[in-house]
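A.B. asks:
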Amino acid sequence: MIASNYAPGDGGEWGGVYFAAHRESSGQVWASITLFGQHRGDVHIKAMSETMRPTAVGCGPRVLRALTEPAESEDARLWRQEAHRYQQKRRDALAARGHAIVLAQPVTLTNGMVLDTVVVDSLRCWSANDDRLRIRPQWDWFMRDWQQSP
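According to UniProt numbering, the stretch in the sequence shown is residues 1 to 150, in order.
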């Protein structure tokens, strides 16, 4: 293994994801993705390679930079493309901190309030209504369509 990172799970079945870059004796570097979770005291682990085109794409830039081209398969190439897209969208969201954004699909809160414009405090926190309302969005909200408010 030459690079790795951890990402939070999807908030559902999987509690976390571990990404790693592995170098073969041929020099080829590929990514492994390991999902893990816990349910009723049992630990669940699912390990796979990028060739299985997993839906977990929160791979860090260090792991992505370590991967060699060309990808081993079309599925690996598509997974890498989606992981790069994830990192770009995450960078855009980080750049939006302190600014208002407009969501393409409005969000309905548990109290029934519907919001389409929020201020990005961090990747894990929005505010609205002149800072009187704090919202914890889904962990991957930035993958949806949104734009920074003018």
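Glycine included, each C-beta is placed from N, C-alpha and C at the ideal position.
Keep in mind the model is a prediction, meaning the values are calculated, not measured.
1) Which runs of the beta strand (DSSP E) fall wholly inside the UniProt domain "DUF6927" (71–137) and span at least 3 residues, in chain order?
2) For Thr51, which residues of its own chain have a beta-carbon under 7 Å away from its beta-carbon, when the five flanking residues on both sides are left out?
3) DSSP on Arg23, reduced to helix/strand/coil?
4) Can you list, in chain order, the residues of its chain whose CB lies under 7 Å from that of Arg90, leaving out five sequence neighbours each side?
5) What separation, rounded to the nearest whole angstrom, lies between the Cα atoms of Cys59 and His39?
6) Leaving out five residues on either side along the sequence, give the residues of the same chain with a beta carbon under 6 Å from the beta carbon of Asp130.
7) Kindly list the residues whose CB is nearer than 6 Å to the CB of Thr34, restricted to its own chain and excluding five residues on each side of it in sequence; keep chain order.
8) Indicate the three-state DSSP secondary structure (helix, strand or coil) for Pro61 in the structure shown.
9) Classify Leu67: buried if its beta carbon has 16 or more other beta carbons within 10 angstroms, exposed otherwise.
10) Alpha carbon to alpha carbon, what distance is there between Ala100 and Gly112?
11) Nearest CA to the CA of Arg97: which residue from Glu69, Gln147, Tyr86?
12) Buried or exposed for Tyr86, going by 16 or more other Cβ atoms inside 10 Å?
13) Near Pro54, which residues of its chain fall below 6 Å by C-beta distance, leaving aside the five closest residues on each side in sequence?
C.D. replies: Short version:
1) 100–108, 114–122, 125–128, 133–135
2) Glu72, Ser73, Asp75, Ala76
3) Strand at Arg23.
4) Phe142
5) 24 Å
6) none
7) Tyr18, Ala47
8) helix
9) buried
10) 21 Å
11) The residue with the shortest Cα to Cα distance from Arg97 is Gln147.
12) buried
13) Ile33, Met48
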